[in-house]
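So the sequence lines, in the order shown, correspond to chains P and V. Last residue of the first sequence: 375 (the working numbering), numbering continuous. Last residue of the second sequence: 234 (the working numbering), numbering continuous. Cβ atoms here follow ideal geometry from the backbone N, Cα and C, with glycine treated the same way.
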Amino acid sequence: MNFDRRRFLGVMAAGAGALTLGACGGSNSDPLAGGSASPAGGSSGSAAAGSIVVGSGNFTESAILGQIYSQALVAKGVQSSVKANLNSREVYIKALQDGSVSAFPEYTGNLLLYFDKNATAKTSEEVIAALPKAIGSLKVLDASQAVDQDVYCCTQEWSQKNGVTSLADLSKVQNLSVGGPPELQQRDYGPPGLKSVYGATTASFKAYSSTAVKVKDLQDGKVDIADFFTTESAIADNNLVKLADPKTLILPQQVIPLVSSAVASNSTATAALNAVQKALTTDDLLALNKKVDSDRQDPADVAKAWLQSKQLV
Amino acid sequence: MNLFSFLENAQNWTTASGAIPYRLGEHLFYTVVSVAIAAVIGIPLGILVGHTGRGNFVIIGFTNAARAIPTLGFVILMVLLLSSGAVPVLIVLAVLALPPILTATAAGVAGADSNAVHAARALGMTPGQVISKVEWPLALPLVLSGVRSATLQVVATATVAAYASAGGLGRFIVDGLASQDYPQMFAGALLVALLAIVLDILLGAVVAGLRRRARPTSDRRVAVEVSAAA
Numbered sequence: 063m064n065f066d067r068r069r070f071l072g073v074m075a076a077g078a079g080a081l082t083l084g085a086c087g088g089s090n091s092d093p094l095a096g097g098s099a100s101p102a103g104g105s106s107g108s109a110a111a112g113s114i115v116v117g118s119g120n121f122t123e124s125a126i127l128g129q130i131y132s133q134a135l136v137a138k139g140v141q142s143s144v145k146a147n148l149n150s151r152e153v154y155i156k157a158l159q160d161g162s163v164s165a166f167p168e169y170t171g172n173l174l175l176y177f178d179k180n181a182t183a184k185t186s187e188e189v190i191a192a193l194p195k196a197i198g199s200l201k202v203l204d205a206s207q208a209v210d211q212d213v214y215c216c217t218q219e220w221s222q223k224n225g226v227t228s229l230a231d232l233s234k235v236q237n238l239s240v241g242g243p244p245e246l247q248q249r250d251y252g253p254p255g256l257k258s259v260y261g262a263t264t265a266s267f268k269a270y271s272s273t274a275v276k277v278k279d280l281q282d283g284k285v286d287i288a289d290f291f292t293t294e295s296a297i298a299d300n301n302l303v304k305l306a307d308p309k310t311l312i313l314p315q316q317v318i319p320l321v322s323s324a325v326a327s328n329s330t331a332t333a334a335l336n337a338v339q340k341a342l343t344t345d346d347l348l349a350l351n352k353k354v355d356s357d358r359q360d361p362a363d364v365a366k367a368w369l370q371s372k373q374l375v
Numbered sequence: 005m006n007l008f009s010f011l012e013n014a015q016n017w018t019t020a021s022g023a024i025p026y027r028l029g030e031h032l033f034y035t036v037v038s039v040a041i042a043a044v045i046g047i048p049l050g051i052l053v054g055h056t057g058r059g060n061f062v063i064i065g066f067t068n069a070a071r072a073i074p075t076l077g078f079v080i081l082m083v084l085l086l087s088s089g090a091v092p093v094l095i096v097l098a099v100l101a102l103p104p105i106l107t108a109t110a111a112g113v114a115g116a117d118s119n120a121v122h123a124a125r126a127l128g129m130t131p132g133q134v135i136s137k138v139e140w141p142l143a144l145p146l147v148l149s150g151v152r153s154a155t156l157q158v159v160a161t162a163t164v165a166a167y168a169s170a171g172g173l174g175r176f177i178v179d180g181l182a183s184q185d186y187p188q189m190f191a192g193a194l195l196v197a198l199l200a201i202v203l204d205i206l207l208g209a210v211v212a213g214l215r216r217r218a219r220p221t222s223d224r225r226v227a228v229e230v231s232a233a234a
């Protein structure tokens, strides 16, 4: 459910509260199955000594990542359980601080913006470097190469015809039309950023609320480039070209575990989580999301299969 | 928060593309054209069914099925089959407008005073004359009330045009929600409601006027027409 994730990240980035986050029909998450990854006795939900409660948000990707983290910990002999469906950053940051949750799958850019609205970090390295200071008493482990962030795409045909493979090439395009979710029009990484960072003038902006319609318009040539999420299967399914972003107009959103200091000082736990971080790729996220959203598989099963395929359990 | 701030902003009332008058025009265009398409299809079909008394079963089945179509899903399906823009929106809205017009016309023609219809036949009118001179004038108020309720449904539903990237007042609602600009959302909702009320009052006046004309008090006029036909 990309729509829900988009809304989730967008709302969180704006620092607003829990809103419109209700239905994430694809996550299949059963609240009663919260302790499924836990060995006997570890499912109380509170952070008993030695047990790590992994929280996860109310969208598919977070549910899967929560399961992966928790099962990876269990495989290395650390007691762990999952607390799913924590629906806003306000809620789970507080839970991490009071110890009722001790690990959470996060995204680098939005996590930094939550703690420091005026952060100037732009590149992946700058954001990761700025994080430890910004998040105070909490800790982050290794950032993954897997990203879930906005990316501008166009069709193969349009890319070849106009010689565009990167956002930097857009300045030479006449009458550029840009598509994306309605809120993109005002966002820093929308048309204003294309102009100020890449010198590309947007002649017209088209707002889309449906990915299917957006893809159709790209293919019909009614819009030149459109904003997607890197983990949307529509990109690969329709053979779209992802435009490079050499000046990092779009803030990187790498998957990163946000943990309590107790977990950070537990070397077995950090080794288990960092091994997951090292193995995870954007394509993995895409495939995992698809298994849950399209094929209606259970996040816990999907997580287990992925861990087995990477020989992490 | 001033809910009216979007409506009060003079910038939103210019003739620029995307401003309120432009979106209002788009919305009105979708409403008028789709109801007209539905009328062109629905009225002759309704007359046929009402006059012959056959096919009622088909009409009831079709209209109930058409009413069950989820409009939003239908719009996106049409965009995928055709292309984005006005065409899929007009098709979807015409399908929405068809059932009330069709059923009202069929009911109006079938319900025309049987004494008048028999009298017309006895006078030797052809079936075409029976329809055009007796059944149709008697059914007209009901047909127009069908058009009226279709218009109301279409005005309220034309907001889905925003999903087909085709503008309309729905744009304000969708954009306002996405950027948490509630005055903009409110403006969209309020304008749709106002447009619906204005159109309903206009059509209501037309229907009331026709009802007066179709009342038995105009016996004299009918008599004149009947004698002319004879």
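What does Ser327(P) reach in chain V if we use C-beta pairs closer than 8 angstroms?
In chain order: nothing, as chain V lies at least about 40 angstroms away.
**Request:** Using a cut-off of 9 angstroms between C-beta atoms, extract the partners of Tyr3(V) located in chain P.
**Result:** This structure gives no information on residue 3(V), because the portion of chain V shown stretches from 5 to 234.
(request) Check the Cβ of Leu84(V) against every Cβ in chain P and list those closer than 8 angstroms, keeping chain order. (result) Ala274, Val275, Lys278
Between which two residues does the alpha helix (DSSP H) holding Ile135(V) run? Unbroken run through Ile135(V): none, as it is neither H nor E.
What residue from Val136(P), Ser228(P), Gly261(P), Gln236(P) has the CA that sits closest to Asp390(P)'s CA?
Here chain P covers residues 63 to 375 and nothing more, so residue 390(P) does not appear.
- prompt: Could you give the residue range of the beta strand (DSSP E) that holds Val163(P)?
  reply: Taken as a continuous stretch (DSSP letters only), Val163(P) belongs to no beta strand (DSSP E), as it is neither H nor E.
- Task: Output, in sequence order along the chain, the residues in the region 153-182 of chain V whose CB is closer than 9 angstroms to any CB in chain P.
- Result: Ala166, Tyr167, Ala168, Ser169, Arg175, Val178, Asp179, Gly180, Leu181, Ala182
Between the region 265-277 of chain P and the region 319-329 of chain P, are three or more C-beta pairs nearer than 8 angstroms?
-> no
### Message
Considering only the alpha carbon of each residue, which of Lys138(P), Tyr169(P), Ser143(P) lies closest to Asp362(P)?
### Response
It is worth fixing the name first, because residue 362(P) is Ala in this sequence and not Asp. Considering only alpha carbons, the answer is Ser143(P).
From which residue to which residue does the alpha helix (DSSP H) around Ser329(P) run?
329-341
Q.
Buried or exposed for Glu12(V), going by 16 or more other Cβ atoms inside 10 Å?
A. exposed
Taking Leu305(P) as the reference, give the member of Gly225(P), Phe166(P), Val163(P), Ala125(P) with the closest Cα.
Gly225(P)
**Asked** Would a check of beta-carbon distances place Glu188(P) closer than 9 angstroms to chain V?
**Response** no
- prompt: For Ala197(V), does the count of other Cβ atoms within 10 angstroms reach 16, so buried, or fall short, so exposed?
  reply: exposed
Please name the residues in the region 65-96 of chain V whose beta-carbon is closer than 8 angstroms to at least one beta-carbon of chain P, in chain order.
Ile80, Val83, Leu84, Ser87, Ser88, Gly89
Self-check item: Close beta carbons around Pro25(V), own chain, < 7 angstroms, minus the five adjacent residues each side
Solution: Trp17, Thr19
| From Ala110(V), Gly46(V), Val91(V), pick the residue whose C-alpha is nearest to that of Ala168(V); which is it? | Val91(V)
key: Selection from Leu102(V), Gln184(V), Leu194(V), Gly89(V) that minimises the alpha carbon distance to Ala154(V)   = Leu102(V)
Contacts that Asp282(P) makes with chain V (C-beta to C-beta distance below 8 angstroms): Ser87, Ser88
**OP:** Since I believe Leu214(V) is in contact with Leu144(V) (beta carbons under 8 angstroms), could you give me their beta-carbon distance rounded to a whole number of angstroms?
**Re:** 6 angstroms
- request: Check each residue of the region 245-266 of chain P: if its Cβ is closer than 7 angstroms to any Cβ of chain V, include it; give the result in chain order.
  value: Glu245, Gln248
Can you tell me whether Asn119(V) is buried or exposed? The criterion is at least 16 other CB atoms within 10 Å of its CB, across all chains shown.
exposed
- For the alpha helix (DSSP H) containing Pro319(P), list its first residue and its last residue. Per DSSP, Pro319(P) belongs to no alpha helix (DSSP H); it is in the beta strand (DSSP E), 317-321.
query = So does the region 155-163 of chain V actually touch the region 25-35 of chain V, counting three or more Cβ pairs closer than 8 angstroms?
reply = yes
With distance defined between alpha-carbon atoms, name the residue in Gly46(V), His122(V), Ala170(V) nearest to Val79(V). Ala170(V)
| query | Taking just the CA atoms, how far does Leu256(P) sit from Lys284(P)? | reply | 19 angstroms
Task: Buried/exposed call for Ser329(P), threshold 16 Cβ in 10 Å - done: exposed
Near Val338(P), which residues of its chain fall below 7 angstroms by C-beta distance, leaving aside the five closest residues on each side in sequence?
-> Ile130, Tyr131, Ala134, Leu374
Exercise. Could you have a look at Asn224(P) and say whether DSSP puts it in helix, strand or coil?
Key: helix
Practice item. Could you check what DSSP says for Ile287(P) in three-state terms: helix, strand or coil? Key: strand
Problem set entry | For Asp92(P), three-class secondary structure by DSSP | Bear in mind that the predicted position of Asp92(P) carries a pLDDT of just 45, short of 50, making it too unreliable to give a figure here.
- Query: alpha helix (DSSP H) containing Ile24(V): first to last residue?
  - Reply: 24-56
| request: Report yes or no: do the region 42-62 of chain V and the region 130-142 of chain V share at least 3 C-beta pairs separated by less than 8 angstroms? | output: yes
- Item | Identity of the residues DSSP links to Lys145(P) by a beta bridge | Gly117(P)
- Query: According to DSSP, what are the bridge partners of Ser239(P)?
  - Reply: Ser266(P)
Original post:
Does the beta carbon of Phe10(V) sit closer than 9 angstroms to a beta carbon anywhere in chain P?
Top reply: no
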